Amino acid sequence: MTEPLASPSHFGEVDLASTTQHFPTTLPIRPGKSKSYLGTLLRKRKLRIFICILAFFLTMGGTVVAALFITRSMQRISAGQAALSSTASTTPTSSASNLTAAAPKTGIGVLIAYLFSAFLTWFTTVGYLMLKYYGKPKRTNKIDEWWTTRICLPVQRRIVKSDVWAECYFRVTFALSDQQLITGIAILIAGFKLLGEERITAYHFSVVRDLAFFSSESHLLSLLAIGSDFSSQRLQVRHTSGSKRLPVPTVLILRLFFMIVFLGLLIAATWITAHRLNDDWYGCPMRCVLQQSRGLGGVPLNWAIASTVFLITQYFSIMLQIGERIIGRANSLRARVRSIDRCLTQRAEAHAYVAIVYRLLRSGIGGLRFYYFSEFVMIIEVMAWFIANCVFAAQNRAASHDVFGYSSEGVRERHKEDDLGFGQIVPLLLLVIPFLTFISTYHSQFVASQ
């Protein structure tokens with residue numbers, strides 16, 4: 001009998017030899033091989049390899065776009081150095097107050113909506129991962145095994161109908177995942193459009209970046225729950241049809257495409273705000289900051305580097321492991337790494353000192369893998385970034401006085417920005433949708449369990 005396939009620990013890796021009791025039905029899967037033309041193509045090995053390589057280069061595309069944009073800005077700065085006056089180091093004069101009408105409405109209502117959506121996604125994702133059924137607590141990742149045995153299972157024993165609550169949390173997380181992905185792309189596109197038209201200030205563009213980061217953090221967390229559910233569906237298909245891989249839903253391909261687009265736009269926005277004086281010239285047009293801030297540097301550059309590393313590593317890791325579910329474990333990168341490891345181990349055993357060094361090196365790499373691909377570690381990391389982003393958003397709100405000024409006209413503009421108009425009410429009312437989803441799912445699951 002074929003050895004059971006193990007799911008990547010980043011998505012809640014469990015012992016697949018056990019039988020699960022919870023299979024959310026959000027992504028309907030037909031047993032057997034996919035009969036679609038897309039599924040037939042994906043069964044070809046060369047095409048699968050091409051898709052993996054294409055996904056990698058598209059992921060890196062966001063960084064390339066940002067680098068090209070920065071290079072172009074630096075060329076403009078170098079060309080204009082001779083034309084700068086001796087007062088170039090001071091804040092450039094501009095009619096930034098005239099840009100506030102064209103800037104996207106980023107008042108307190110929009111900020112609360114994004115912040116609460118991110119927190120709600122974190123809460124429902126952690127709730128689902130804690131309450132979902134684990135056939136056996138043993139997991140290949142020792143960090144996640146501790147998380148399962150010491151936290152998840154004790155909580156499940158103290159909650160009545162934990163499977164019902166897990167299903168409700170999953171449905172809410174699934175709905176918020178797509179919502180955060182699309183709204184994040186939308187607000188970034190709006191920010192870049194106004195930047196190209198020279199109609200947005202450095203303050204408003206920084207707020208756009210912060211709101212997009214809220215969406216990114218929410219989306220990353222939701223992928224933990226979706227990936228864990230994907231593993232459960234693969235096990236169900238394996239038991240019913242003997243197939244080792246899932247049919248590839250077209251909607252999954254679309255989600256991966258939008259993930260790559262979102263990642264590229266967010267990295268580009270992050271590096272645009274990495275100029276040395278970006279935080280000091282909040283009241284100036286963003287294009288003016290790019291031309292006169294004398295290059296990258298300071299605290300904005302440090303945060304841009306840290307944010308880029310976080311985004312690329314987390315998104316690429318998730319897409320790599322989702323790709324493993326598409327092509328099957330037997331053809332995955334992990335299977336090839338294990339094959340190489342067995343070969344190197346056999347060769348190292350011939351020399352005692354070489355074997356000791358190789359074991360130490362192998363243990364170190366394994367420890368890094370446990371940390372990097374840990375479900376529990378990712379929850380903590382994203383929560384830490386969420387708290388940091390809240391601090392940045394609060395600082396930006398406090399700096400809004402530099403944009404609008406302290407005059408009576410500036411105060412009126414600031415109050416107008418926070419008025420509960422269409423742009424403020426709609427995001428707040430959209431927060432009702434997750435609660436309606438939760439109530440509907442709980443009712444259907446409660447009736448089914450009677």
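So the sequence shown is numbered by full-length UniProt numbering: it starts at 1 and just counts up by one.
C-beta atoms are modelled at their ideal positions from N, C-alpha and C, and glycine is treated no differently.
Predicted model, so just to flag it, every value in this text is computed and none were measured.
Let's see if you can read the secondary structure: which residues bound the alpha helix (DSSP H) around residue i?
{"i": "Cys390", "result": "375-398"}
{"i": "Arg362", "result": "352-372"}
{"i": "Ala269", "result": "250-272"}
{"i": "Asp163", "result": "162-196"}
{"i": "Gly109", "result": "108-131"}
{"i": "Leu296", "result": "No alpha helix (DSSP H) holds Leu296; DSSP gives it neither H nor E."}
{"i": "Glu349", "result": "Here Glu349 belongs to no alpha helix (DSSP H), and DSSP marks it neither H nor E."}
{"i": "Leu153", "result": "153-158"}
{"i": "Trp147", "result": "142-147"}
What residue from the options has the CA that sits closest to residue i's CA?
{"i": "Val208", "options": "Glu198, Ala190, Leu220, Glu197", "result": "Ala190"}
{"i": "Thr441", "options": "Cys152, Tyr133, Val172, Thr121", "result": "Val172"}
{"i": "Phe376", "options": "Ile112, Leu111, Val126", "result": "Val126"}
{"i": "Leu115", "options": "Leu301, Ile387, Pro154", "result": "Ile387"}
{"i": "Leu296", "options": "Cys284, Gly283, Thr270, Pro285", "result": "Thr270"}
{"i": "Ser218", "options": "Leu120, Asp280, Leu430", "result": "Leu120"}
{"i": "Tyr203", "options": "Cys284, Leu431, Phe373", "result": "Cys284"}
{"i": "Arg276", "options": "Gln179, Phe435, Gln292", "result": "Gln292"}
{"i": "Phe170", "options": "Leu223, Thr313, Arg150", "result": "Leu223"}
{"i": "Ala398", "options": "Ile379, His443, Ile439, Asp280", "result": "Asp280"}
{"i": "Ile226", "options": "Glu197, Leu256, Asp210", "result": "Leu256"}
{"i": "Ala355", "options": "Ile151, Cys168, Asp341", "result": "Asp341"}
{"i": "Phe258", "options": "Leu188, Ala306, Pro300", "result": "Leu188"}
{"i": "Met319", "options": "Ile260, Arg338, Ile433, Gln346", "result": "Ile260"}
{"i": "Val426", "options": "Arg150, Trp146, Thr183", "result": "Thr183"}
{"i": "Gly298", "options": "Val289, Asn278, Leu290", "result": "Asn278"}
{"i": "residue 495", "options": "Leu290, Val337, Val432", "result": "Outside the modelled stretch of the chain, which goes from 1 to 450, sits residue 495, for which no answer is possible."}
{"i": "Val382", "options": "Ser216, Arg347, Leu368, Thr345", "result": "Ser216"}
{"i": "Ala394", "options": "Met378, Asp210, Ala274, Arg347", "result": "Asp210"}
Whole angstroms is fine: what's the gap from residue i's alpha carbon to residue j's?
{"i": "Leu265", "j": "Ile272", "result": "11 Å"}
{"i": "Gln156", "j": "Phe370", "result": "24 Å"}
{"i": "Arg294", "j": "Ala113", "result": "35 Å"}
{"i": "Thr148", "j": "His351", "result": "39 Å"}
{"i": "Ile143", "j": "Gln314", "result": "18 Å"}
{"i": "Met286", "j": "Val251", "result": "36 Å"}
{"i": "Ser444", "j": "Tyr133", "result": "19 Å"}
{"i": "Leu430", "j": "Glu198", "result": "30 Å"}
{"i": "Ala212", "j": "Phe192", "result": "12 Å"}
{"i": "Ala306", "j": "Pro300", "result": "10 Å"}
{"i": "Leu360", "j": "Gly366", "result": "10 Å"}
{"i": "Leu153", "j": "Leu368", "result": "25 Å"}
{"i": "Thr345", "j": "Val337", "result": "12 Å"}
{"i": "residue 470", "j": "Arg158", "result": "This structure gives no information on residue 470, because the portion of the chain shown stretches from 1 to 450."}
{"i": "Ser339", "j": "Arg150", "result": "33 Å"}
Below 7 Å between beta carbons: does that hold for residue i and residue j?
{"i": "Tyr128", "j": "Ala166", "result": "yes"}
{"i": "Leu221", "j": "Trp122", "result": "yes"}
{"i": "Phe262", "j": "Ile200", "result": "no"}
{"i": "Gly109", "j": "Leu428", "result": "yes"}
{"i": "Leu131", "j": "Ser162", "result": "yes"}
{"i": "Ala304", "j": "Phe214", "result": "no"}
{"i": "Thr308", "j": "Ile253", "result": "no"}
{"i": "Asn396", "j": "Ser206", "result": "yes"}
{"i": "Ser317", "j": "Asn141", "result": "no"}
{"i": "Phe392", "j": "Cys168", "result": "no"}
With burial defined as no fewer than 16 other Cβ atoms inside 10 Å of the residue's Cβ, what is the status of residue i: buried or exposed?
{"i": "Cys343", "result": "exposed"}
{"i": "Ser363", "result": "exposed"}
{"i": "Asn302", "result": "exposed"}
{"i": "Tyr353", "result": "exposed"}
{"i": "Arg436", "result": "Per the sequence shown, residue 436 should be read as Leu rather than Arg. Flag for Leu436 reads exposed."}
{"i": "Ala384", "result": "exposed"}
{"i": "Ser177", "result": "buried"}
{"i": "Thr124", "result": "buried"}
{"i": "Pro434", "result": "buried"}
{"i": "Glu349", "result": "exposed"}
{"i": "Val432", "result": "exposed"}
{"i": "residue 524", "result": "With the chain running from 1 to 450 in the structure shown, residue 524 is simply not present."}
So is the beta-carbon of residue i under 6 Å away from any non-hydrogen atom of the ligand FAD?
{"i": "Leu301", "result": "The ligand FAD is absent from the structure shown, which contains no ligand whatsoever."}
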